[in-house]
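If you read the protein sequences in the order shown, they are chains A and B.
For the first sequence, the residue numbers in my numbering are 32 to 490.
For the second sequence, the residue numbers in my numbering are 60 to 483.
Working notes, beginning with the structure itself.
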Amino acid sequence: MDAGEDCVNYSKNFSEMEPGWGLDQAVAEAGRCLLCHEPPCSKGCPAQTDPGAFIRKLRFRNVTGAIRTVKRNNILAGACAVLCPTARLCEKECSACGIDRAIEIGKIQRFLVEQSWKTGWNISADLAGEKPAARPEKIAVVGAGPAGLACAAELAKQGYPVTVFEARPEPGGVLRYGVPAFRFAAGFLGRELADVESLGVKFQCSAPLAGKGAAEDLLKKGYSAVFLALGLWEPVRLKEDAGAIKGLTTSMDFLAALREGKFAETGRRIKGKVCAVIGGGSVAMDCARSALRLGAADVYLLYRRSYAQMPAEADERELALREGAHFILLNQPVDYVTGPRGELRGIRLVRTRLGAKDSSGRRKPVAVKGTEWVLPVDAAIEAIGYRPRRGSPSWYPSIAVDGGGLIRAREQDCRTSRPKIFAGGDIVRGPDLVVRAVADGKTAARSIMEYLGGSWPTK
Amino acid sequence: MANKVDLSVNFCGKRFPNPFLLSSSPVSNTAEMIERAFEHGFGGVVYKSLSSPHVEIVHPSPRMQGYDYGPARLAGLQNVEQTSDRPLKDNLEDIAYLKKRWPDRVVIASIMGFAASEWKDLAVAAAGSGADMLELNFSCPHMAVEGAGMKVGQSFHLVQKFTEIVRREVKLPLLAKLTSNVADISEPALYAKKGGADAITAINSVRALTEVGLDDFVPKPNIFGKGALSGYTGPGIKPIGLRCISELAGNKELGLPLSGCGGIETWIDAAEYLLCGASTLQMTTGVIHYGYRIVEDMIEGLSDFMAAKGLRSVSEMVGQALPHMCGVGEFDVSRQGAAAYDLDRCVGCGQCYIVCQDAGAGTLGWDSAKRRPVPDEKRCYSCMICSFVCPVGDPPLITYKEIRGKKPHIAARRGQKTVVSGKP
Numbered sequence: 032m033d034a035g036e037d038c039v040n041y042s043k044n045f046s047e048m049e050p051g052w053g054l055d056q057a058v059a060e061a062g063r064c065l066l067c068h069e070p071p072c073s074k075g076c077p078a079q080t081d082p083g084a085f086i087r088k089l090r091f092r093n094v095t096g097a098i099r100t101v102k103r104n105n106i107l108a109g110a111c112a113v114l115c116p117t118a119r120l121c122e123k124e125c126s127a128c129g130i131d132r133a134i135e136i137g138k139i140q141r142f143l144v145e146q147s148w149k150t151g152w153n154i155s156a157d158l159a160g161e162k163p164a165a166r167p168e169k170i171a172v173v174g175a176g177p178a179g180l181a182c183a184a185e186l187a188k189q190g191y192p193v194t195v196f197e198a199r200p201e202p203g204g205v206l207r208y209g210v211p212a213f214r215f216a217a218g219f220l221g222r223e224l225a226d227v228e229s230l231g232v233k234f235q236c237s238a239p240l241a242g243k244g245a246a247e248d249l250l251k252k253g254y255s256a257v258f259l260a261l262g263l264w265e266p267v268r269l270k271e272d273a274g275a276i277k278g279l280t281t282s283m284d285f286l287a288a289l290r291e292g293k294f295a296e297t298g299r300r301i302k303g304k305v306c307a308v309i310g311g312g313s314v315a316m317d318c319a320r321s322a323l324r325l326g327a328a329d330v331y332l333l334y335r336r337s338y339a340q341m342p343a344e345a346d347e348r349e350l351a352l353r354e355g356a357h358f359i360l361l362n363q364p365v366d367y368v369t370g371p372r373g374e375l376r377g378i379r380l381v382r383t384r385l386g387a388k389d390s391s392g393r394r395k396p397v398a399v400k401g402t403e404w405v406l407p408v409d410a411a412i413e414a415i416g417y418r419p420r421r422g423s424p425s426w427y428p429s430i431a432v433d434g435g436g437l438i439r440a441r442e443q444d445c446r447t448s449r450p451k452i453f454a455g456g457d458i459v460r461g462p463d464l465v466v467r468a469v470a471d472g473k474t475a476a477r478s479i480m481e482y483l484g485g486s487w488p489t490k
Numbered sequence: 060m061a062n063k064v065d066l067s068v069n070f071c072g073k074r075f076p077n078p079f080l081l082s083s084s085p086v087s088n089t090a091e092m093i094e095r096a097f098e099h100g101f102g103g104v105v106y107k108s109l110s111s112p113h114v115e116i117v118h119p120s121p122r123m124q125g126y127d128y129g130p131a132r133l134a135g136l137q138n139v140e141q142t143s144d145r146p147l148k149d150n151l152e153d154i155a156y157l158k159k160r161w162p163d164r165v166v167i168a169s170i171m172g173f174a175a176s177e178w179k180d181l182a183v184a185a186a187g188s189g190a191d192m193l194e195l196n197f198s199c200p201h202m203a204v205e206g207a208g209m210k211v212g213q214s215f216h217l218v219q220k221f222t223e224i225v226r227r228e229v230k231l232p233l234l235a236k237l238t239s240n241v242a243d244i245s246e247p248a249l250y251a252k253k254g255g256a257d258a259i260t261a262i263n264s265v266r267a268l269t270e271v272g273l274d275d276f277v278p279k280p281n282i283f284g285k286g287a288l289s290g291y292t293g294p295g296i297k298p299i300g301l302r303c304i305s306e307l308a309g310n311k312e313l314g315l316p317l318s319g320c321g322g323i324e325t326w327i328d329a330a331e332y333l334l335c336g337a338s339t340l341q342m343t344t345g346v347i348h349y350g351y352r353i354v355e356d357m358i359e360g361l362s363d364f365m366a367a368k369g370l371r372s373v374s375e376m377v378g379q380a381l382p383h384m385c386g387v388g389e390f391d392v393s394r395q396g397a398a399a400y401d402l403d404r405c406v407g408c409g410q411c412y413i414v415c416q417d418a419g420a421g422t423l424g425w426d427s428a429k430r431r432p433v434p435d436e437k438r439c440y441s442c443m444i445c446s447f448v449c450p451v452g453d454p455p456l457i458t459y460k461e462i463r464g465k466k467p468h469i470a471a472r473r474g475q476k477t478v479v480s481g482k483p
């Protein structure tokens, strides 16, 4: 770590997640569970998580059974437990809401995953007695994010040799490069990746899909099926030609640099500086909180709609505010103000008011004429969305994509327009939740197996 | 305090400022401890059992084992505590000090002889220290000394014999503390009365085993690789204590005042013991769990309850539940009812449906789409287990309702619907 950047304890600020629960806390929370008939929570998860079963198991001290339920269903159960907006998924369905508040299912699930590490429970050992016959068909998974990892793990469990090709130096995708370590630590990810590897999945990192027809080429190289789970790795920009401004960066570069440990270099641009974050989603909150942890003098979060329309989860918004971010709402950033050496001096904003609802169902911001003003800033981070890599459709010319470059694939089986090539996760859905990517990975695995003539086990 | 209610009670001719006493146990081990209990408001104490200075008492280690129910700590407590391991002389001095320093509180000395002569010596010594009364410990279920404690309480002639020995030596009121580990606690109580006892204390701890270590298969408390059956106390034994007190109070031949003991922790427990016939109340495990301060809430809670009920003295409450008790064969089975559901407040958990199917009449329906039970009052057994698992309380969502003219139910055979019996 960087000794020159005194006062800012990066390792503390960035590697420590909020601690998880211990056995007593988890059992006490399970004690609040109403143990519902036909548990509604178990219908609230895109990835078929069954809290009704694992909470009951915990309640009756069948802790190993509870771990088994969680990890067999979802190899990334820990990641989902930490990152899922449970309040609007499983917990939203909870009957205990009628008494006081929902059972904290995410916290219980995280406890079970961490308890598995503590007790030495291991998925591959647990499955050892029921290993299916080895399958001859090799499968290629492109992208080691949540969708790719889930698909690879499920296929490996069914006996397929799976290789995951990852563009970046290490696997994890958005879990490693897109979420700050204080929300999801590398060590936590590492243990879940080890679970995937223990199932026999092979990884090839720094192996990006590149060149015309690269996806189809995998089929020619002997892979019987390909699952494309590329994710979205091109930042949407406020102005396409803004790249040369000193002090301006994108959420993608900013967060990835921090995950790569480039604290000194990144911190130098933020520490003691007035910093703006543009956007109102989860990533914007991550950027604002990261900038505060780097020692920014002030962090302004600029958002064109109002608080209630922010796409970020309620708890993320509250954390950003509590940690000191200033929210400037109903203001649309329109341009950057630069100095003589191309350095960022400020952001030009125009006030907005909320008009009629747009296609997203949220009220649309309308610029108020004559209200332009400049917020002086030293640094700015754009966090206004991700899209497919420029030119990515050429890597798979036989596959239909939409106007924005998203791959067209069927939700129910992840099939693309090209036989043998399947796709899921954000490259199909656009920006979405980790758990939906996991769900796609699981769907794709089953679909691939059935396509190859195998029969997916019912239980 | 909100209500000035006189909680004083007369027991064996002695005025107690309130009915709350420490029972003979680790919580009444020294004058220093008891003094603090008095400061919190305890009306008296049964001083930890004194035994012969000729028999050395050495406590096993560890002494106790907590018994939890889910997240609820200390639903019960198992212990292998012996009689006082302090020198008899020190204990007698402590008793004398307490009587001098706290003349308005009642100090009862518990004694346990390991031989006939010891009962006599201990009685004389305790009386000499100024104790107001003596309690004869015929009930400790885990004495290391053979033939003591519960073993006496189970040999009724010994109960009488040792009571007689003490009776001959001292004029003080005598309480015989009896064990519930017998078929009918009234029997030894009558022997105690014959021997000259003035009152009965019930119950002592129940001989039990709370837990077995799953790593080493050693029953707990694990005392260096060994466990033993020993005394179990706390909220888990309150129902047994209430049974014994109501049996003793209901026994016309006995007619002795009763000191109730077993799982008393709140003023509600206290009120129940009083209503079943106890006129003083003793406690230990509640103190082990929460400290002496629990007595403050018992005093305040019982006072408010009595004021609300218009009860002017504790003695007015004693035994008021007894006229409402009967044998199971004496119930009026011509009157029947059903579980009534206030479905507007239902949260849709469906636990009622599960237990009705698996343990009840199996007549409750379930609307999957609405996530609501579908009650059938006509065919309901009125076992009421659905109401015990329903999480909605204050007031309860599921309550008992009498249905005039309803016939009792007879269970159907497997695969059949339940049928209504033609005759009650």
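Backbone N, C-alpha and C define an ideal beta-carbon position, used for all residues, glycine too.
Next on the checklist: Run through chain A and tell me which residues come within less than 8 Å of residue 455 of chain B, C-beta to C-beta.
Outcome noted: Simply none; closest approach about 13 Å.
Next on the checklist: Among B:149, B:115, B:141, B:213, whose alpha-carbon lies nearest the alpha-carbon of residue 90 of chain B?
Outcome noted: B:149
Item to check | Proximal residues of chain B, C-beta to C-beta of residue 65 of chain A below 8 Å | outcome: 406, 408, 410, 450
Item to check | Element boundaries [beta strand (DSSP E), containing residue 326 of chain B] | outcome: Counting along the chain, residue 326 of chain B falls outside any beta strand (DSSP E), though it belongs to the alpha helix (DSSP H) covering 326–334.
Next on the checklist: Under 8 Å, with one C-beta from each stretch per pair, do the stretch 185–194 of chain A and the stretch 263–276 of chain A reach the 3-pair mark?
Outcome noted: no
Checklist entry - Could you give the uninterrupted runs of the beta strand (DSSP E) lying entirely in the stretch 315–377 of chain A, keeping only those of 3 residues or more? => result 329–333, 357–359, 362–369
Item to check | residue 247 of chain B beta carbon less than 7 Å from that of residue 211 of chain B | outcome: no
Item to check | Best match in B:379, B:184, B:423, B:368 for proximity to residue 397 of chain B [C-alpha to C-alpha] | outcome: B:423
Next on the checklist: Are the CB atoms of residue 310 of chain B and residue 245 of chain B within a distance shorter than 7 Å?
Outcome noted: yes
Next on the checklist: Using C-beta distances below 6 Å, list every residue in its chain close to residue 303 of chain B, excluding the 5 sequence neighbours before and after it, in chain order.
Outcome noted: 239, 244, 261, 262
Checklist entry - When the Cα atoms are used, what is the spatial distance from residue 206 of chain B to residue 113 of chain B? => result 16 Å
Checklist entry - Can you name the residues of chain A whose CB is closer than 9 Å to the CB of residue 353 of chain B? => result The premise fails here: residue 353 of chain B is roughly 23 Å from chain A at the closest Cβ pair, so nothing lies under 9 Å.
Checklist entry - So, is the C-beta of residue 129 of chain B closer than 7 Å to a C-beta in chain A? => result yes
Item to check | residue 293 of chain B and residue 62 of chain A closer than 7 Å at C-beta | outcome: no
Checklist entry - Using a Cβ-Cβ distance under 7 Å, would residue 126 of chain A count as near chain B? => result yes
Checklist entry - Sorted by chain position, which residues of the same chain lie with C-beta nearer than 6 Å to residue 435 of chain B's C-beta, five sequence neighbours on each side aside? => result 422
Checklist entry - Are the stretch 343–351 of chain B and the stretch 363–372 of chain B touching by the rule of at least three beta carbon pairs closer than 8 Å? => result no
Item to check | Beta-carbon neighbours of residue 69 of chain A, restricted to chain B and to distances below 7 Å | outcome: 409, 427
Checklist entry - Which residues in the same chain as residue 430 of chain B place their Cβ atom closer than 6 Å to its Cβ, once the five residues preceding and following it in sequence are excluded? => result 407
Checklist entry - Interface residues of chain A around residue 413 of chain B at Cβ under 7 Å? => result 68
Next on the checklist: Just to confirm, is the Cβ distance from residue 213 of chain A to residue 45 of chain A under 7 Å?
Outcome noted: yes
Checklist entry - With distances taken from CA atoms, which of A:248, A:285, A:172, A:322 is nearest residue 234 of chain A? => result A:172
Item to check | Closer than 7 Å to chain B by CB, residue 136 of chain A | outcome: no
Checklist entry - Would you report the Cα separation of residue 35 of chain A and residue 218 of chain A, rounded to the nearest angstrom? => result The predicted position of residue 35 of chain A is uncertain, since its pLDDT is 42 and thus under 50; a value taken from the coordinates is nonetheless stated next. In a straight line, the C-alpha of residue 35 of chain A is about 26 Å away from that of residue 218 of chain A.
Next on the checklist: Does the CB of residue 62 of chain A have a neighbour CB from chain B at under 7 Å?
Outcome noted: yes
Checklist entry - Considering only residues of the same chain and omitting the five flanking positions on each side of residue 355 of chain A, which have a CB-CB separation below 6 Å? => result 323
Checklist entry - Can you tell me the Cα-Cα spacing of residue 305 of chain B and residue 76 of chain B, whole angstroms? => result 24 Å
Checklist entry - Quick one: which chain B residues come within Cβ less than 8 Å of residue 130 of chain A? => result 406, 450, 451
Checklist entry - Cα separation between residue 372 of chain A and residue 348 of chain A? => result 35 Å
Checklist entry - Looking at chain A, which residues of the stretch 427–447 of chain B have a Cβ within less than 8 Å of any of its Cβ atoms? => result 427, 430
Item to check | DSSP bridge partner residues for residue 280 of chain A (one or two, in chain order) | outcome: A:412
Checklist entry - What's the C-alpha gap between residue 336 of chain A and residue 375 of chain A? => result 24 Å
Item to check | Proximal residues of chain B, C-beta to C-beta of residue 133 of chain A below 7 Å | outcome: In chain order: nothing, as chain B lies at least about 11 Å away.
Next on the checklist: Within 7 Å of any Cβ in chain B, is that where the Cβ of residue 59 of chain A sits?
Outcome noted: yes
Checklist entry - Count the other CB atoms within 10 Å of the CB of residue 271 of chain B; is the residue buried (16 or more) or exposed (fewer)? => result exposed
Checklist entry - Based on the DSSP secondary-structure assignment, which residues constitute the bridge partners of residue 105 of chain A? => result DSSP output for residue 105 of chain A lists no bridge partner at all.
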